[in-house]
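K.L.:
One structure follows; several queries about it will come next.
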Amino acid sequence: MAALLKPIAKFGYTVQTPKPQISRFVRVSATAAAAAPTGKKKKYQKQEIKETLLTPRFYTTDFDEMEQLFNTEINRNLNMAEFEALLQEFKTDFNQTHFVRDKEFKEAADKLQGPLRQIFVEFLERSCTAEFSGFLLYKELGRRLKKTNPVVAEIFSLMSRDEARHAGFLNKGLTDFNLALDLGFLTKARKYTFFKPKFIFYATYLSEKIGYWRYITIYRHLKQNPEFQCYPIFKYFENWCQDENRHGDFFSALMKAQPQFLNDWKAKLWARFFCLSVYVTMYLNDCQRSAFYEGIGLDTKEFDMHVIIETNRTTARIFPAVLDVENPEFKRKLDRMADINQQILALGESEDIPFVKNLKRLPLVAALVSELLAAYLMKPVESGSLELAEFEPQVVY
Ligand SMILES: [Fe+2]
Ligand SMILES: [Fe+2]
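Under full-length UniProt numbering, read the sequence shown as residues 1 to 397, first letter to last.
And the structure:
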């Protein structure tokens, strides 16, 4: 699954601060055994997982319904020739030899100090978790659909291969900072959000496509502005994002095979709802972490708007309705939401007692909800025709 949308924890452990702070959400295996004061490899205990609305999720679904949806005897819309072609593409494994590290990584990481170092760690950690979340879901779908539809099942398994590779590469990146995410622990400790298959399709399609646009935009920007290339992982984004694009195209083909999820008024309402959730989540998350984007020479809001507009244009090829994100009023609403979110965060950090905090939070939350509702109710763009949304396994850029 595409990255960056799904954050988790804060590490506080670096070589410079030998006394480790404990991760809020996950157990961290410190890999810099030599740097630890005792010289022993340390495992930190899990802390309570603090979920917020913006916290990334692991997903699970109704696998029995999935089996029904991909049963070729029940669903005559399944174009198996198309899925066979897709399977061949996934089997080709274009990026098999792409994710090979060199010594530049560690050197670059050592040069990153101060607040930027911390924010880089958070970026790697969030991205790794996001990729890993995709791995878990696709792996399980690959397993569960094996009997009903071996072709679709194998594609899911090959997508989980891609996501495992992405997550592993990011986790390797964390070792440059003397950290590593304990993915086995994460698998057991995180809460899983249940989505019906229909919602899994909307959410995952959007997540893959937005991931594609984020990676390619960062890649192109750094290619043009190499002075901001402060860590080599970004050089891998060009091929990497093609994986995400292929994953998104596969979901597009899956949705085409389930026209009932695309062709009625409910589908239009849900399509807009998922677009809004994904765009707002990214915008608020990124505005909270603008130091990262500034650190690589990007203007956070400009970057996000570019990604939102491009993702929305891509999504309009398949979703029956999308948001009018190119209307300037949409950005104004996002900015107001980001402001309110900042106030909510500031309130959380304040010295007030919990009761007073909750009291002060109420009008802010109400304002945020009302902005969200207003954005949702903006005149939508009718889009996506099943006839037009031919599957195009093409390079988008
Ligand atoms: Fe990925
Ligand atoms: Fe992906």
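Quick reminder that beta carbons are idealized off the backbone N, C-alpha and C, glycines included. As the structure is a computational prediction, the values presented were derived from the model and not from experiment.
How many Å lie between Phe83 and Asn358 at the Cα?
P.N.:
51 Å
K.L.:
For Trp213, count the other beta carbons within 10 Å of its own beta carbon; 16 or more makes it buried, fewer makes it exposed. Which is it?
P.N.:
buried
K.L.:
Is the distance from the Cβ of Ala164 to the Cβ of Phe135 below 8 Å?
P.N.:
Taking a C-beta distance under 8 Å as the contact criterion, Ala164 and Phe135 qualify as a contact pair.
K.L.:
Compute the Euclidean distance between the alpha carbons of Glu310 and Ile353, then round it to the nearest angstrom.
P.N.:
43 Å
K.L.:
Nearest CA to the CA of Lys379: which residue from Glu329, Glu351, Leu334?
P.N.:
Glu329
K.L.:
Near Lys360, what residues of its chain come up, given a Cβ to Cβ distance below 8 Å and the 5 sequence neighbours on each side ignored?
P.N.:
Leu347, Asp352
K.L.:
If distances are taken between C-alpha atoms only, which option among Asp249, Lys331, Ser290 comes closest to Val280?
P.N.:
Lys331
K.L.:
My assumption, with CB atoms under 8 Å, is that Ala203 sits in contact with Tyr283. Please give the rounded CB distance.
P.N.:
Not quite, the Cβ-Cβ distance comes to about 17 Å (not below 8 Å), so this is no contact.
K.L.:
When the Cβ atoms of the stretch 251 to 264 are set against those of the stretch 187 to 203, are three or more pairs found closer than 8 Å?
P.N.:
yes
K.L.:
So the alpha helix (DSSP H) Phe58 belongs to, where does it begin and stop?
P.N.:
Careful: Phe58 lies outside any alpha helix (DSSP H), inside the beta strand (DSSP E) at 58 to 60.
K.L.:
Since Ile308 and Val325 should fall inside the 8 Å C-beta cutoff, what is the C-beta to C-beta distance between them, to a whole number of angstroms?
P.N.:
5 Å
K.L.:
Can you give me the C-alpha to C-alpha distance between Pro320 and Glu382, rounded to a whole angstrom?
P.N.:
6 Å
K.L.:
When the Cβ atoms of the stretch 241 to 260 are set against those of the stretch 295 to 305, are three or more pairs found closer than 8 Å?
P.N.:
With a cut-off of 8 Å, the stretch 295 to 305 and the stretch 241 to 260 do not count as touching, because too few Cβ pairs lie within range.
K.L.:
With 16 other CB atoms within 10 Å as the buried threshold, where does Gln45 fall?
P.N.:
A caution first: Gln45 carries a pLDDT of 34, below 50, which makes its placement in the model unreliable, though a value can still be read off. It is exposed - the Cβ of Gln45 has fewer than 16 other Cβ atoms within 10 Å.
K.L.:
According to DSSP, simplified to helix, strand and coil, what is Tyr192?
P.N.:
If DSSP states are grouped into helix, strand and coil, Tyr192 belongs with the strands.
K.L.:
What is the chain-ordered set of residues for which the beta carbon lies under 5 Å from any non-hydrogen atom of ligand 1?
P.N.:
Glu131, Glu163, His166
K.L.:
Just reading off the alpha helix (DSSP H) that Phe328 is part of, what are its end residues?
P.N.:
According to the sequence shown, residue 328 is Pro rather than Phe. Per DSSP, Pro328 belongs to the alpha helix (DSSP H) from 328 to 349.
K.L.:
Between Gly211 and ligand 2, is there a pair consisting of the residue's CB and a ligand heavy atom that are separated by less than 7 Å?
P.N.:
yes
K.L.:
If I measure Cβ to Cβ from Leu298 and keep anything under 7 Å in the same chain, skipping five residues before and after, which residues do I get?
P.N.:
His221
K.L.:
Determine whether the beta carbon atoms of Ile233 and Gly173 lie at a separation below 8 Å.
P.N.:
yes
K.L.:
Do you know how far the Cα of Ala81 is from the Cα of Ile49?
P.N.:
For Ile49, the predicted model reports a pLDDT of 36, less than 50, meaning its position is unreliable; a value from the coordinates is still stated below. Between Ile49 and Ala81, the C-alpha separation is close to 44 Å.
K.L.:
Taking 7 Å as the cut-off, is the beta-carbon of Gly134 closer than that to any non-hydrogen atom of ligand 2?
P.N.:
yes
K.L.:
DSSP puts Glu382 in a beta bridge; with which residues?
P.N.:
Ala321
K.L.:
If you draw a straight line from the C-alpha of Cys161 to the C-alpha of Gly142, how long is it?
P.N.:
Note that residue 161 is Arg in the sequence shown, not Cys. Each residue's alpha carbon lies about 11 Å from the other.
K.L.:
Which one of Phe274, Tyr376, Leu179, Tyr293 has the shortest CA to CA distance from Thr315?
P.N.:
Phe274
K.L.:
Which of the three DSSP states is assigned to Leu372 in this structure?
P.N.:
Leu372 falls in the helix class under three-state DSSP.
K.L.:
DSSP state of Leu364, grouped into three classes?
P.N.:
helix
K.L.:
For Val100, which residues from the same chain have a beta carbon less than 7 Å from its beta carbon, with the 5 sequence-adjacent residues on both sides left out?
P.N.:
none
K.L.:
Measure how close the beta-carbons of Arg144 and Glu238 come, nearest whole angstrom, since I'm counting them as under 8 Å.
P.N.:
In fact, because the Cβ distance is near 33 Å, the residues do not count as touching under 8 Å.
K.L.:
Are Leu181 and Cys128 closer than 8 Å when you measure CB to CB?
P.N.:
yes
K.L.:
DSSP state of Leu86, grouped into three classes?
P.N.:
helix
K.L.:
Would Phe177 and Ala267 qualify as a contact pair, given that the criterion is a beta-carbon distance under 8 Å?
P.N.:
no
K.L.:
Quick one: what's got a C-beta closer than 6 Å to Leu78's C-beta in the same chain, skipping five residues either side?
P.N.:
Thr72, Ala257
K.L.:
Looking at ligand 2, does it come within less than 7 Å of His247, judged from the CB to the closest heavy atom?
P.N.:
Yes.
K.L.:
Closer than 6 Å by C-beta to Ala291: which residues in its own chain qualify, once you throw out the five before and the five after it? Chain order, please.
P.N.:
Contacts found: Ile119.
K.L.:
Label Gly248 either buried or exposed according to how many other C-beta atoms from any shown protein chain fall within 10 Å of its C-beta, with 16 as the threshold for buried.
P.N.:
By the neighbour-count rule (16 or more Cβ atoms within 10 Å), Gly248 is buried.
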